[in-house]
Amino acid sequence: MAPNPLANWEKIGNSFYRKIAVYDAIFEDDVELENYLVAGAPYGGAIALHRDETKPLRLRDGQGSRSTVDVHSCSGQRINRINWEQATIRGLGWSDKEELLIVSEDGTVRRYLGLDGEFTSFSLGNVSKSSSNESAMLIMHQGAEEYGVRACQFWSSGLVALLSNNQLIVVSKYDEPRPRLLAPCPEGEVSSWTLIPPAHTLSRSVEVLLAVDKAVFLVDTTEAEEKISQNGPFKHISVSPDGLSVALFTAEGKLWVVSNDFQSEPSEYDSKSRVPPSTVTWCGKDAVILAWEDEIHLVGLNGVASKYYYDGRVHVIPEFDGVRLITNDTCEFLHKVAGVTEEIFRLGSSSPASVLLDSVDQLEKKSPRADENIQRIRSSLPSAVDTCIKAAALEYDGFWQKRLLKAASFGKSVLDLYNSDEFVEMTEKLRVLKSLRDYRIGLPLTYEQYLRLTPDGLIERLINRHEYLLAIRISEYLQIPADRVYVHWASQKVKVSTVDDEAVCKLIVQRLDGKPGISFEAIAQAAYNEGRSHLATQLLNHEPRGGKQVPLLLNMEEDELALDKAIESGDDDLVNYVLLHLKSKLPLASFFRLINTRPMASALVETAARGEDTELLKDLFYQDDRPIDGANVLLTEALRESDRARQAEKLQLAARLLSDSKEPTVVLNQKLVTEASQLLKAQEALDKDLADNSEYLGLSLNETIYRLIRAGYSKRAQKIQSEFKMPEKTFWWLRLRALVAKRDWGELEEMAKIKKSPIGWEPFYNEILGAGNTKLASGFVPKCTHLPPAERIEMWVKCGMIVKAGEEAQKAKDLNTLELLRTKASGPAATEIERMINQLRPRK
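Here this note's numbering = 1-based position in the sequence shown + 432.
This is the structure we're talking about:
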């Protein structure tokens, strides 16, 4: 028989609420929930149980008195047991990532990263607070270690702890826990308090509502602002999931609901109970739950309520779209009936979606009314199909899911055009949700929770429960990568396996062979963390990405292997990263021994050192027996050195470095370096001895001699020429140019009297002519006997001596040149040239 879709519906004001049975007989008989503190993770997550130490403990046979925190699924399956040997627990909470938070009285906070017991911890001991005078200044205060934690409240990424001195400590991020004090709170008895998450405050920082005596204060980082000054004390305060409303329960047993600014007229509900409820929380954003030991009141914002009664203690776990109700026997979900669901199932409904659902019944009865119904809603059929699909998503009962999807399928089959993508996607999601709700998994997600959690978040939850097979199947079904599932499975296998490393490695590699995106580095890291370094090294051999292998190998102190893997990758940046790490870690000699057999590494060190570390470069060349390269570095440094003494010292070092080699090239280089050092000494002596204010230090040998000759110190120049065995040709060139630059024509005339010049006489002619002394230049033309007549003629012409040019042409019997010269001559010179021409012309 079909279940009644209206079963358990309760009307609260203008809305309907319904309670859905999710699981039955969920806890074992020895778990008496009335003696436990209960905290549930959001999105149908795990439930943490810790015995309430304020209640007497009744031991049963075989039951110990050891303090524990038990983690169960919603179906009652125990996932883990945490033995607790720390201070008294003052807070149990969960993050959105299903990380369990346990806060002890001494301010120690444990954050369990998964459901298998691994945790990190931090302390609420010393905390910081912004100074009232300078907001940037932080002042350290004694925190929970001194005063003790009284209670804790949690939100998705942080927590607030109330100390025994009424101070509030906030941690905004579990990933980066930095405890801070909120503003000082009023003195008095705190009867209740709650937090407002940062997402719902104007300041985007967490704020706290604190009921002290008869008043309510809003506490943030800067002040404690009084919001209500009377009508207290308030035994409970709770903020709605959207942050817009606040519920307050008075000592007289009344529930008030006001806006978050406390300016609206409160709605009121009288519970007629002087005993405060154990829990006041919200059911969605439009109703409030009052929970006593075995009784629940569901109160609408208009003060209308519905009551539910239980045989034993009921615990309330709030969700953004409802509440989970946990007893020893059942897990139920109480929530507001969605508009689409109400539209279809409400008594007397004639909406298109309701008619479409009825059409399926008529179709199965083969009644003609099925067609009549379709024709009646023909114009609204697309929206009716959409409504049935949405309603199917919100149904928990499998029967009505199928009926609604069947109605949607029937409706879209009648339509000529309808995009079926949403229908197909919805069937996929409902199949996923059905597999999660199975009691063996115990994840009773609603459709809205599934959308918020996202498929990736869902896979993470399955991984944390070690439900690898289901995680893989859902990943494949939804076409999302499953690599993290395989990696987590392999990491767990490494942790729990007791067989030898080779067998574990073989098993993992075989199982993961061909799977895309697998990070063997993460698996190897898990092995290393377990102390199985050999296994970690074996696993890393299967990691194709060098950038993933190398950091872990370095961490494992497998330095040579890390360098070899980096070189194999061909990634210069990765090799440099390894080299920098090794250089900072190893003695220099060991470092060089390591890289000398690896040309790529050695080349990269050399390249990097050239621009940044010349000392390292010199050491490298010394270790590698490369004296020329080492000497070149010293020479480069010497050339850049402004201190002449240090410059000379570097040159001597370079010469010494080259002195032991027998290779001709090295010997030549050593000679050059030695001469450079000697030249520096000679130049220092010149700077001291000569009074012409010239600076010779740092000049080349040629520049030194040139400057000496020009300054009139020819003998000193000749001495340096002799000491450094400068070739005569070079010296004559330098002397010629220096004398021309000095315009020492007399000295040049004396040089012209010498019979032979090592550089010939043409350079004299060219240099002197270039300086503008044509008369002296012409004196060198007769000495250029090795030149052909045509060139000597040109030289005479450049000196302006046309007659001398004519004589050269006459000697060469060059009549054509004479006739050309006649055009350039004038006066007596023209007459003389004419005479020469007549002498050469043949007589008639």
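We treat Cβ as the ideally placed atom computed from N, Cα and C, and that holds for glycine. All values reported here derive from a predicted model rather than from experimental measurement.
A straight-line Cα-Cα distance of about 44 Å links A1170 and L1048. Counting every other CB atom within 10 Å of its CB across the protein chains shown gives S507 a total of 16 or more, marking it as buried. In the DSSP secondary-structure assignment, V603 is bridged to L591.
Its Cα nearest to that of Q957, the residue V982 stands out among V982, P948, L944 and P1220. Of the residues assessed, Y741 falls on the exposed side of the cut-off, its CB having fewer than 16 other CB atoms within 10 angstroms. Excluding its 5 nearest sequence neighbours in each direction, D829 has C-beta neighbours in its own chain below 7 Å: P435, listed in chain order. Measuring C-alpha to C-alpha distances from T1039 to each of L1014, N961, V1007 and L1129 identifies V1007 as the nearest. Secondary structure note for F649: its beta strand (DSSP E) is the uninterrupted segment A647 to V651. For C617, the three-state secondary structure derived from DSSP is coil.
Within 10 angstroms of the beta-carbon of P1214 lie fewer than 16 other beta-carbons, which makes it exposed. Closest option to T520, judged by alpha-carbon separation, among A647, H482, L1014 and F551: H482. When only Cα atoms are considered, N973 and L524 end up about 43 Å apart.
The three-state secondary structure of W1193, taken from DSSP, is coil. For I514, no alpha helix (DSSP H) run applies; the uninterrupted beta strand (DSSP E) run containing it begins and ends at R510 to N515, by DSSP. Closest by C-alpha distance to L788, out of T773, I809 and G546, is I809.
The residue among A723, T1206 and F666 with its C-alpha nearest the C-alpha of W714 is A723. For I999, the CB contacts under 7 Å within the same chain, skipping 5 residues up- and downstream, are V1007, R1030, M1032 and A1033 in chain order.
Pairing E578 with D538, the inter-Cα distance amounts to about 8 Å. When DSSP states are grouped into helix, strand and coil, A519 belongs to the coil group. Going by C-alpha positions, F855 is about 8 Å away from L837.
Boundaries of the alpha helix (DSSP H) harbouring S791: P784 to E796, taken from the DSSP string. For the set S705, E727, S670 and T1046, the Cα lying nearest the Cα of G716 is the one of S670.
A Cβ-Cβ contact shorter than 8 Å links R450 with V769. Between L826 and V772, the C-beta gap is smaller than 8 Å, which places the two residues in contact.
Of the residues assessed, T654 falls on the exposed side of the cut-off, its CB having fewer than 16 other CB atoms within 10 angstroms. Cα atoms of M1227 and I1152: separation of roughly 35 Å, rounded to the nearest angstrom. F694 and R745 have their C-alpha atoms some 33 Å from each other. Residue state for S1146 is assigned as helix, using DSSP reduced to three classes. Closest by C-alpha distance to E531, out of W587, T540, L547 and S677, is L547. Assigned with DSSP and collapsed to three states, G735 falls in coil, not helix or strand. Annotated as distal: E775 and I452, with beta-carbon spacing of 8 Å or more. For V689, no alpha helix (DSSP H) run applies; the uninterrupted beta strand (DSSP E) run containing it begins and ends at K686 to S691, by DSSP. Less than 8 Å separates the beta-carbon of I728 from that of K739. Taking C-alpha positions only, G685 is separated from E658 by approximately 23 Å. Approximately 7 Å separates the beta-carbon atoms of L730 and L766; this is inside 8 Å, confirming the contact. Your pair V644 and I628 does not check out as a contact, with CB atoms roughly 17 Å apart and the cut at 8 Å.
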